[in-house]
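Below is one structure, written out as structure tokens, with a few remarks after it.
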Amino acid sequence: MPDLIVLVLAGLAVFAGAVLQGGTGIGLALVATPIVQLLHPALMPGAMLVVACGLALLTVAAEARHADWPGLGWALGGRLVGTAASAGVIALTSVRGLNLFNGSVVLLVAAVVAIAPSWLPRNRLTLAGSGMFAGVAATTAAIGGPLIALVYRRSPGPTMRGSLGAFTTVGSLLSLLCVALVGLLSWVQILGGLALLPFAGAGFVVAERVRRHLKGRWIRGAVLVLAVLAALSLILRSLPG
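At position 147 of the sequence shown the residue is numbered 147 (UniProt numbering), and the sequence of numbers has no breaks.
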């Protein structure tokens, strides 16, 4: 297990990410994942998958009845394919290589969110494709939601929240299972994720109270800038020398 200082710093990153997630729809994984990876690589990817699953359950508990279950079938099918492929990759990758890969994934997701249209058409192709991309990004870097969020952007609020919550919950469990099957899920990751859950829960509660103040485009831009800076730090750390 990481020492108390590292755990608190990681918890603060998770808390900030959860607040931003609740206010802007992105933030938890984009901001917290590279910071947790920098602080204690042994926690990844399992700890952040546990956190993502726990936070999503809070949403599912309130909005599951509004979820787009037929569409989620296509998204989760794509996620299963992406998860299986990426689990094999991380099984063959060194810690330094995983740092480099995760930093690159964060940069790629940030770029997609920044340049993609504010919404994507919701059909079988976009759902399956977004799910597959999420499977790769979530299993390696615990980032599974941004593209799915774009697909559901124009849906009613309850449908969007319920669908994202259900997708993240089931998808995180799939990723945890695949990581465990290739022998890369440790008790340190599981216990670390459980220790970080209270920080995520606190961020969820705070986000409910400050959500109306986090709607501006500059907030979303700030989240992407933070994600890029953290990802670049992770990539630079992984370079030889």
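All residues carry an ideal CB built from backbone N, CA and C; glycine is no exception.
Per DSSP, G144 is not a residue of any alpha helix (DSSP H), being assigned neither H nor E.
Short of 7 Å from the beta carbon of L196, and not among the five residues preceding or following it, lie these beta carbons of its own chain, in chain order: A10, G11, V14, A47, V51.
A distance below 7 Å between beta-carbons, with the five flanking residues on each side excluded, links V109 to the following residues of its chain, in chain order: L30, A137, I143, P146.
A Cβ-Cβ separation of about 26 Å leaves V179 out of contact with T126 under the 8 Å criterion.
Contact between the segment 36-46 and the segment 159-167 is absent: fewer than 3 CB-CB pairs across the two stretches fall below 8 Å.
For G73, the enclosing alpha helix (DSSP H) has its first and last residue at 69-91. By the criterion of a C-beta distance shorter than 8 Å, A64 is surrounded in its chain by G162, G165, A166, once the five residues flanking it on both sides are discounted. Annotation note: the segment 97-133 contains no uninterrupted alpha helix (DSSP H) run of length 4 or greater.
DSSP, reduced to helix, strand and coil, places H66 within a helical segment of the structure shown.
In this model, L80 and G103 are separated by some 22 Å (Cα to Cα). Segment contact: the segment 176-191 against the segment 74-90, three or more CB-CB distances shorter than 8 Å; contact assigned. Just so you know, the alpha carbons of G201 and P158 end up roughly 20 Å apart. Fully enclosed beta strand (DSSP E) runs of no fewer than 3 residues are not present anywhere in the segment 15-53. For the options V106, G135, A149, S238, the alpha carbon positioned closest to that of V228 is the one of V106. If you draw a 10 Å sphere on the C-beta of A141, you find 16 or more other C-beta atoms in it, and that means buried. By the neighbour-count criterion, in which 16 or more other beta carbons inside 10 Å mark a residue as buried, N123 falls on the exposed side. Excluding its 5 nearest sequence neighbours in each direction, R237 has C-beta neighbours in its own chain below 8 Å: L38, N99, listed in chain order. Excluding sequence positions up to five before and after G17, its CB lies within less than 6 Å of the CB of G27, L28, V31, A32, all in the same chain and listed in chain order. L184 and T169 have their alpha carbons spaced roughly 20 Å apart.
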